[in-house]
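Only one structure is covered here, and it is reproduced in the block below.
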Amino acid sequence: MKKALLFAIVASMAIVSCKKDHDHPQAKIYKGSVIRFQHGSAWTWYEVDAKNKPLRLGASIDKAAMRSLDTSSPEGPGHNHENMISLLFPSQAKDTVPFLHFGLDWNPHGHEPAGVYDKPHFDFHFYMISEAERSAIPTYEEAQGEFDNYPDPSFMPENYMAIPGGVPQMGAHWVDVTSPELNGQPFTQTFLMGSYNSKVIFYEPMITEEFIRTHNTYQRAVPRPAKVQADGYYPKKMRLETTSDGTVNIVLEEFEFRLHSDPV
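Heads up: the sequence shown begins at 9 in the numbering used here, then just goes up one per residue.
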């Protein structure tokens, strides 16, 4: 269903980083609830410096989960509820960063359009609305006005375009039209944005299973809109990393404080 129109718990907190950040020796890590995912576990976490400023916000998937990914379900996470879970970020994050919960979606056969996003991949949603608000988003046919009520273009990064329609319990999806996979190149990783009823509601790294397995570490810039709709710390970088124990981390980092009135 996702984008049909164009889209054992480790004991140590060392799982979120191969080593302590030497630039922030007094950093603290807060861990969210651990949720069963596939035949393993997934959880969220939040790292701050000595002054409680955000350093990294992320989610982790353990080795057991990565080794037991479902490969038999038909297209779309709705066919197997274990392929689509929601995790709250630690409560310490909510007054600092705009992200409230994390959507972990595994697509064993990818999704439409064919030839673009039909490889096995993950959709990692960093949601800026509550779980209740997200769950209440109906189908496009039931709320066309809300889906088509797009944010002002200044709240989306340059070169981003809304995909017509929308996905229930997610929202409308925006893609970077300059992305390689939309210009004849193979899909490996990309970064989407989401909206609903004039609000920006999620950031979405979308990454193939193959790319994760062949890249122990990878970093890219987070697309930056000219303006933001709420005050807070926003990430400048996204990192993918696999730790020595096989845990996969998807991370937003290098946060900058922005006011909703910032012109640039």
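C-beta atoms are modelled at their ideal positions from N, C-alpha and C, and glycine is treated no differently.
By the CB criterion at 9 Å, P106 and G240 fall inside the cutoff. Secondary structure within the region 131-207: the alpha helix (DSSP H) runs of 4 or more consecutive residues, fully enclosed, are 139-143 and 152-155 (chain order). Under the three-state reduction of DSSP, S68 is assigned to strand.
With contacts defined by Cβ atoms closer than 9 Å, I137 and L108 form a contacting pair. Between K207 and S252, the alpha-carbon positions lie close to 39 Å from each other. Here the C-alpha atom of A140 lies approximately 33 Å from the C-alpha atom of L190.
For the 9 Å CB-CB criterion, I93 and L112 form a contact.
L63 is not bridged by DSSP to any residue. At the C-beta level, Q197 and T216 come within 9 Å of one another. Rounded to whole angstroms, the separation of the alpha carbons of P121 and E249 is 28 Å.
Counting other Cβ atoms within 10 Å of its Cβ, D184 reaches 16 or more and is therefore classed as buried. Linking W51 to P33 through their CA atoms gives a straight-line distance of about 24 Å.
If you compare the alpha carbons of G48, V175 and D103 with that of K71, the shortest gap goes to G48. Counting C-beta pairs with one atom in each stretch, the region 222-229 and the region 143-152 have fewer than three that are closer than 8 Å, which means they do not touch.
In the structure shown, N115 falls within a strand segment according to DSSP collapsed to helix, strand and coil. For the options P243, F195, M164 and W114, the alpha carbon positioned closest to that of V124 is the one of F195.
Each residue's CA atom was taken as its position, placing F155 and E212 some 17 Å apart. For the options F199, G174, E218 and K235, the alpha carbon positioned closest to that of K127 is the one of E218.
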